[in-house]
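Some notes on the structure that comes next.
There are 2 protein chains.
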Amino acid sequence: MDASYKPHDRMAALLTNEMAAVNSLIAERMASEHAPRIPEVTAHLVGAGGKRLRPMLTLAAARLCGYEGPYHIHLAATVEFIHTATLLHDDVVDESGQRRGRPTANLLWDNKSSVLVGDYLFSRSFQLMVETGSLRVLSILANASATIAEGEVLQLTAAQDLATDEAVYLQVVRGKTAALFSAATEVGGVIAQAPETHVQALFNFGDALGVAFQIVDDLLDYQGQESSTGKNIGDDFRERKLTLPVIKAVAKADVEERTFWHRTIERGQQNDGDLETALRLMTQHGTLEATKNDALNWAEKAKTALMVLPDHDVRDMLHDLADYVVERIS
Amino acid sequence: MDASYKPHDRMAALLTNEMAAVNSLIAERMASEHAPRIPEVTAHLVGAGGKRLRPMLTLAAARLCGYEGPYHIHLAATVEFIHTATLLHDDVVDESGQRRGRPTANLLWDNKSSVLVGDYLFSRSFQLMVETGSLRVLSILANASATIAEGEVLQLTAAQDLATDEAVYLQVVRGKTAALFSAATEVGGVIAQAPETHVQALFNFGDALGVAFQIVDDLLDYQGQESSTGKNIGDDFRERKLTLPVIKAVAKADVEERTFWHRTIERGQQNDGDLETALRLMTQHGTLEATKNDALNWAEKAKTALMVLPDHDVRDMLHDLADYVVERIS
């Protein structure tokens, strides 16, 4: 591993031409002849400087499997459109005011624009994937879309319910994050007509990477640096989200602690000092440490999945990417 | 035409077995193992007793073209899922409290549930259409989805803007209504592998029927009976929507009338008696009558399109259906 150079940046350098093609395709398909509101909203999001991690995973998987056709570009753009649409709908849902330190689209425009422009991006992504002509790719992405939506709805009912356990959390995480990661890598292999074992390995890698990624995100909400995450410490607590560190703390709570979680999370009655108490309980029970270990285990699973795949520069980068995802908490 | 029997009911009687299969498939695919909120919300909508006009159009088109396979059932369910998802998102967008005389899902649950369950239904519809294995069907439905979303966004910016003309209105109507009608009839022909001229005729029929349907809806907002429409007279006026009767009135407005429309629609400053003034202006300029004539013309176009298709019971019913759609305003 080249310590001087982040794996994400190395991959971006290797895939420079393809990423440029993806960016052009995104710009072209995001336009709307009739509805100028659409590029306004989407340009705001695209300008927000996401890492384009998901489309890069598709390009990387296709490259790793020796693909030489044009459609990995379509699929990478598809994946980014689905991701962007999901963000737009999430912002409505969470009534969030900020994402990556910038005001969200629903504050700058309104909920209506966020819902409808999100729908537009979903339908554009659908057109892009149809152009690949691969029914198998369509099936994978249709299933991923259903898992994403189901996970989001599950999160609505699981949030603020102390009965939510780690199994439910994992389902939510698969929906929120891992389903699109695993679809992104899997379709890269499928479009390249890779052997089934390789396609399965790419799916497993994306799934485990996505789960690790989301656990890290949820952990950083309690112990990150505000400057590096663009989030405020304790946002999830204030929004009464049952993420892994809290779920583990609830599982170990005595009667008095349960009363605390019931009041702050289930009933949402939060006072000054409650976040500090929550952090103290999580530290006492070692749940922040246990959450970190879970994230590291998922990163290990991701790396193990890669062992089935052929030796390749890109495979090494994906390996390092799994380490990089958990580096922020190590 | 059998005057004792509505064409919609005759069609339902003819297609009774297929509609039962569609209803079973809808119930089966609407379920969610993990997220019980989903069937709660969707059962509420499905229980609301829509006429299932769109899926019936798909079944009718397939029957008319002699289809004998199983996939018209999938496509009919697909079309109904897309329609239901659109309704859920519209209710968030319109901040509506009622649909068909019942509280909307976003009032009974919340905006979050409406957005996410809508997304779930979109993704389920996508899975259903992938199962047909027809890339052409997928392409038609992807394009229809994009037209729907684009039309909805266009409506956001076109609403409350007196510069909105009949051409923009038509684009919005195609998005809101006609795109799904025409896709519903077209895919029925495509799945049956009908000749191109028949597929095109089915598209043209669905398109014209959809436009007629929406114009009637917009006209009834100003002159319907509240008991029969489930809407309040003047809802669109209060919501400052520029529908065809108003667009035509604005086009004929003198300076004083333009001030009235500017105040009530663009600025949204409405007082008691304004709806009555709006109705008086529309009557004076004959714009309600002109709107009615437009609807009748589109119904004629729909019937003309059918002439290309083979002589068939179902063709006669579709013909009568075009009459029926405009009957409420005739």
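Chains E and D are the protein sequences, given in the same order. The opening residue of the first sequence carries number 1 in our numbering; numbering runs sequentially from there. The opening residue of the second sequence carries number 331 in our numbering; numbering runs sequentially from there. Where a beta carbon is used, it is the ideal one built from N, C-alpha and C, also for glycine.
For residue i, which residues in chain D fall below 9 Å Cβ to Cβ?
i	result
Arg240 of chain E	By Cβ distance, chain D contributes nothing, its closest Cβ being about 14 Å from Arg240 of chain E, past 9 Å.
Ser123 of chain E	Phe452, Ala472, Asn473, Ala474, Ser475, Ala476, Thr477, Ile478, Ala479, Glu480
Apart from the five residues on each side of it in sequence, which residues of its chain come closer than 7 Å, Cβ to Cβ, to residue i?
i	result
Ala361 of chain D	Pro369
Phe590 of chain D	Thr607
Gly286 of chain E	none
Ala522 of chain D	Ala392, Cys395, Gly396, Tyr397
Can you list the residues of chain E that residue i reaches, using a CB-CB cut of under 7 Å?
i	result
His364 of chain D	Glu150, Leu154, Gln171
Ser512 of chain D	Those within 7 Å of Ser512 of chain D in chain E number zero; the least Cβ separation is about 16 Å.
The alpha helix (DSSP H) that contains residue i, what's its start and end?
i	result
Asn562 of chain D	Taken as a continuous stretch (DSSP letters only), Asn562 of chain D belongs to no alpha helix (DSSP H), as it is neither H nor E.
Ala513 of chain D	509-521
Met307 of chain E	Taken as a continuous stretch (DSSP letters only), Met307 of chain E belongs to no alpha helix (DSSP H), as it is neither H nor E.
Gly319 of chain D	For residue 319 of chain D there is no data in the structure shown, the boundaries of chain D being 331 and 660.
Gly286 of chain E	Run containing Gly286 of chain E: none; DSSP gives neither H nor E here.
Ile577 of chain D	574-581
Gln599 of chain D	That residue, Gln599 of chain D, is in no alpha helix (DSSP H); it is neither H nor E in DSSP.
Pro385 of chain D	383-394
Ala351 of chain D	346-360
Asp650 of chain D	643-657
Ala538 of chain D	526-553
Leu492 of chain D	It is not in any alpha helix (DSSP H) - Leu492 of chain D carries neither H nor E in the DSSP assignment.
Compute the Euclidean distance between the alpha carbons of residue i and residue j, then round it to the nearest angstrom.
i	j	result
Ala373 of chain D	Ala342 of chain D	21 Å
Asp421 of chain D	Tyr5 of chain E	49 Å
Lys114 of chain E	Arg504 of chain D	Just to set this straight, residue 114 of chain E is Ser in the shown sequence, not Lys. Cα to Cα, the separation comes out at about 21 Å.
Arg99 of chain E	Glu300 of chain E	Note that Arg99 of chain E has pLDDT 47, beneath the 50 cutoff, so the model's placement of it is unreliable and the number below is only indicative. When rounded, the distance between both Cα atoms is 29 Å.
Ser469 of chain D	Ala489 of chain D	30 Å
Val314 of chain E	Leu53 of chain E	14 Å
Leu648 of chain D	Gln155 of chain E	44 Å
Pro385 of chain D	Leu405 of chain D	8 Å
Ile215 of chain E	Glu166 of chain E	11 Å
Gly399 of chain D	Val467 of chain D	15 Å
Gln668 of chain D	Ala322 of chain E	Because chain D in this structure spans residues 331 to 660, residue 668 of chain D falls outside the shown range and cannot be described.
Tyr324 of chain E	Ala474 of chain D	41 Å
Leu446 of chain D	Ala85 of chain E	12 Å
Thr197 of chain E	Asp316 of chain E	18 Å
Gln171 of chain E	Arg570 of chain D	43 Å
Val326 of chain E	Tyr397 of chain D	55 Å
Glu257 of chain E	Lys292 of chain E	22 Å
Glu596 of chain D	Asp537 of chain D	30 Å
Met349 of chain D	Tyr450 of chain D	22 Å
Asp440 of chain D	Trp628 of chain D	38 Å
Tyr401 of chain D	His642 of chain D	21 Å
Anyone know if the C-beta pair for residue i and residue j falls short of 9 Å?
i	j	result
Leu219 of chain E	Pro245 of chain E	yes
Ile233 of chain E	Asp221 of chain E	yes
Leu387 of chain D	Phe511 of chain D	yes
Leu135 of chain E	Gly448 of chain D	no
Ile82 of chain E	Ala21 of chain E	no
Gln457 of chain D	Ala146 of chain E	yes
Ala365 of chain E	Cys65 of chain E	Lying outside 1 to 330, the shown extent of chain E, residue 365 of chain E is not represented and no answer is given.
Ser453 of chain D	Ala77 of chain E	no
Ile361 of chain E	Thr164 of chain E	Past the boundaries of the shown model lies residue 361 of chain E; chain E is included only from 1 to 330, so the question cannot be answered.
Lys51 of chain E	His89 of chain E	no
Val142 of chain E	Val460 of chain D	What sits at residue 142 of chain E in the sequence shown is Ala, not Val. Yes, the pair counts as a contact, with Cβ atoms nearer than the cut-off.
Ala295 of chain E	Ile329 of chain E	yes
Gln223 of chain E	Leu281 of chain E	no
Ile483 of chain D	Ala35 of chain E	The displayed chain sequence assigns Val, not Ile, to residue 483 of chain D. For Val483 of chain D and Ala35 of chain E, yes; Cβs fall inside 9 Å.
Taking residue i as the query, report the chain D residues whose CB atoms sit under 8 Å from its CB, ordered along the chain.
i	result
Ile38 of chain E	Glu480, Val483
Can you name the residues of chain E whose CB is closer than 9 Å to the CB of residue i?
i	result
Gly463 of chain D	Leu135
Ala361 of chain D	Correct list: empty, because the minimum Cβ distance to chain E is about 11 Å.
Between which residues of its own chain and residue i is the CB-CB distance below 6 Å, once the five residues before and five after are set aside?
i	result
Phe205 of chain E	Thr185, Ala302, Ala305, Leu306
Val79 of chain E	Arg54, Pro55, Thr58, Ala184
Leu283 of chain D	Since the displayed chain D opens at 331 and closes at 660, residue 283 of chain D lies outside it and no answer follows.
Thr264 of chain E	Gln270, Asp274
Ser354 of chain D	none
Val580 of chain D	Leu492, Trp591
Asp236 of chain E	Asp221, Thr243
Val498 of chain D	Ala488
Thr613 of chain D	none
Arg10 of chain E	Met317
Ser455 of chain D	Thr408, Phe411, Ile412
In chain E, which residues lie with their C-beta within 8 Å of the C-beta of residue i?
i	result
His649 of chain D	Within 8 Å Cβ-Cβ: nothing; His649 of chain D doesn't reach chain E, min ~32 Å.
Arg419 of chain D	The residue you asked about is not Arg; residue 419 of chain D is His in the sequence shown. The contacting residues are Val115, Leu116, Asp119.
Can you find the residues in the same chain that come closer than 8 Å, C-beta to C-beta, to residue i, ignoring five residues on each side of it along the sequence?
i	result
Asn17 of chain E	none
Lys506 of chain D	Ile478, Gly481, Glu482, Gln485, Gln544
Listing by chain order, which chain D residues have their CB less than 7 Å from the CB of residue i?
i	result
Leu138 of chain E	Val460, Leu468
Gln127 of chain E	Ala472, Asn473, Ala476
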